[in-house]
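The sequence shown: position 108 = 108 (UniProt numbering), numbered continuously.
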Amino acid sequence: MSKLTEEDIRRLLAEPTAERREDVARKVAAVHAGGEMTDAERRLAEDIFRLMLRDAEVRVRAALSEALKDNPGVPHDVAHALARDVVPVATPILEFSEALTDDDLMEIVRAQPGAAQQAVARRREISAELSQTIVAHGVEAAVETVVNNPGADLPETALMTAIDRFPANETVQEGVISRPVLPVKVSERLVSVVSDRLRSQLVRRSDVPADMALGLALAGRERAVIGLIDPSGTDDPDELVDVLYAARRLTPTILFRALCIGDRGFFDRGISRLAGVTLVNAQRLIEDPGRKGLMRLLDAARIPPPLANAMMAAIDVAREMQYDGRPGDRLRYRSTLIERVLTQVEGIDSDNLDYLISRLATDDRAA
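1. Whole angstroms is fine: what's the gap from I338's alpha carbon to D103's?
2. Do A162 and P181 count as a contact pair if the criterion is CB distance below 9 Å?
3. Since A18 and L64 are thought to touch, with beta carbons under 8 Å apart, how far apart are those beta carbons, to the nearest angstrom?
4. Less than 9 Å separating the beta-carbons of A142 and Q118?
5. If we count Cβ pairs, one from each stretch, closer than 8 Å, do we get three or more for the segment 42 to 52 versus the segment 74 to 86?
6. Tell me whether K292 is buried or exposed, calling it buried when 16 or more other Cβ atoms sit within 10 Å of its Cβ.
7. For the alpha helix (DSSP H) that contains R50, what are its first and last residues?
8. Among E36, P289, L285, which has the Cα closest to the Cα of L298?
9. Taking only three categories from DSSP, how would you classify A81?
10. Report the option in E144, T101, A111 whose CA atom is closest to the CA atom of A121.
11. Are the beta-carbon atoms belonging to D207 and S187 less than 9 Å from one another?
12. Mapping DSSP to helix, strand and coil, what is residue 428?
13. Determine the contact status of V184 and L202, defining contact as a CB-CB distance below 9 Å.
14. For the segment 54 to 68 and the segment 37 to 45, state whether three or more C-beta atom pairs, one from each stretch, are separated by less than 8 Å.
15. What do you get for R123, buried or exposed, if any count of 16 or more other CB atoms within 10 angstroms of its CB means buried?
16. Keeping to the same chain, check which residues put their C-beta closer than 6 Å to that of Q132; ignore five residues upstream and five downstream.
17. Bridge partners for residue 372 per DSSP, in chain order?
18. Assuming F267 is part of the alpha helix (DSSP H), what are its boundary residues?
19. Tell me which same chain residues have a C-beta within less than 8 Å of the C-beta of R340, skipping the five on either side of it?
20. Would G276 and L244 qualify as a contact pair, given that the criterion is a beta-carbon distance under 9 Å?
21. Could you spell out where the alpha helix (DSSP H) holding P92 opens and where it closes?
22. On a Cα-Cα basis, can you pick out the residue from S127, H137, A136 that is closest to N149?
23. Which one or two residues does DSSP pair with A152 in a beta bridge?
24. Please determine, among V194, L154, R165, the residue with the shortest C-alpha to C-alpha distance to Q173.
25. Go ahead and label E320 buried or exposed: buried means 16 or more other beta carbons lie within 10 angstroms of its beta carbon, across all protein chains shown.
26. Consult DSSP for E22 and reduce its assignment to one of helix, strand or coil.
27. Considering only residues of the same chain and omitting the five flanking positions on each side of V135, which have a CB-CB separation below 6 Å?
28. Excluding the 5 residues flanking V87 on each side, which residues of the same chain have their C-beta closer than 6 Å to its C-beta?
29. With DSSP as the reference, label T17 as helix, strand or coil.
30. Would you decide whether G175 is buried or exposed? Buried here means 16 or more other CB atoms lie within 10 Å of its CB.
31. Please state the DSSP three-state secondary structure of I261.
32. Hey, D288 and L279 are a contact pair by Cβ (cut 8 Å); roughly how many whole angstroms apart?
Set out below in structure tokens:
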């Protein structure tokens, strides 16, 4: 169709079948997008669009929306009307059209929950203000979509809102963790809600503060050790050691703290990795009578002397202690171990000393 005339409008009105009107919609849209039109032809084409907005057949209006979705020159009133139509008609325009403004899209997100919100959340680029609107007013599926959309600008407030609205949704959590930039406040909020499955992903991020990564890594292990989760599930010590080692966060401090919560499985695997020996050999050295084997192992793992002394004391104390099987035995065991370690070591750094004291306080409250 190289020219548009009044006759085209009359033909459109006379078309008896929806299929033929769909075909006309596509052809007129193609000519309009091509740009080689006189002003009069453009006005006629846009009149045809407005006429087709009133077509009783959804398939005709949907064909028009699909044909116009990539045309930034569509009149605003046409794009706006299509965007407010039923889902099959509105979806292409909502997801792709540049003729809609952020104000248009935010109005629709607030007024039309469900599929319309999801279509907007899939847009190639989404401004911070529009993202915040989707996160604040969108249904769960729309929030899942926008936080996992790399083209969405998600400020700290939007990320916090997404977590707070759906704290148990792992798809939302995973989307937030995967964002290019993860503000510290968002990381702190994730710590309190993140699932066991996603903990390792959060630990891997280089922009998560070291202390926070340490807390995350130990939190899951501690919960497994005291029986709050299944140790055979997502908190496998081999997997966590691999994650921490790859992220360069398998530190002497984290191994010492693992000892202090009674997690020998994690300690043995971690120290063997740092020392560059097999797990079997590491365990033989740890259990070697006296301290010579353990001292060689800790030296190979480059554990600082004050912390090495604390580790040896903790292992010695653990050897002498046994569970009594009564309720709360794990907490009593751990509390006693920490008390005795505190009395036997000197020169331990203040951070680890504070940690030991805080664990005692925690155990006292839990007993």
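No residue lacks a Cβ here, since even glycine has one placed at the ideal position from N, Cα and C.
All figures in this text were calculated on a predicted structure; none of them were measured in a lab.
This is what the structure gives:
1. 59 Å
2. A small correction: the amino acid at residue 181 is Val; Pro does not occupy that position in the sequence shown. Not closer than 9 Å, so no.
3. Contact flag wrong, Cβ pair sits at about 12 Å.
4. yes
5. By the Cβ rule, the segment 42 to 52 counts as touching the segment 74 to 86, because three or more pairs are nearer than 8 Å.
6. By the Cβ neighbour-count rule, K292 is exposed, with fewer than 16 other Cβ atoms within 10 Å of its own.
7. 39 to 52
8. L285
9. helix
10. E144
11. yes
12. Summary: the structure shown does not reach residue 428, with the chain confined to residues 1 through 367, and so no result is reported for it.
13. no
14. no
15. R123 is buried by the Cβ-count criterion.
16. A158
17. In the structure displayed, the chain extends from 1 to 367; residue 372 sits before or after that span and is not available.
18. 264 to 275
19. Closer than 8 Å at Cβ, skipping near neighbours: A313, V317.
20. No, they are not a contact pair.
21. Run containing P92: 87 to 96, per the alpha helix (DSSP H) assignment.
22. S127
23. Paired residues: I126.
24. The shortest C-alpha separation from Q173 is found at V194.
25. exposed
26. Looking at E22 - three-state DSSP - the assignment turns out to be helix.
27. V143, A158, T161, A162
28. A115
29. coil
30. buried
31. coil
32. Going by Cβ atoms, the distance from D288 to L279 rounds to 15 Å, so no, they are not a contact pair.
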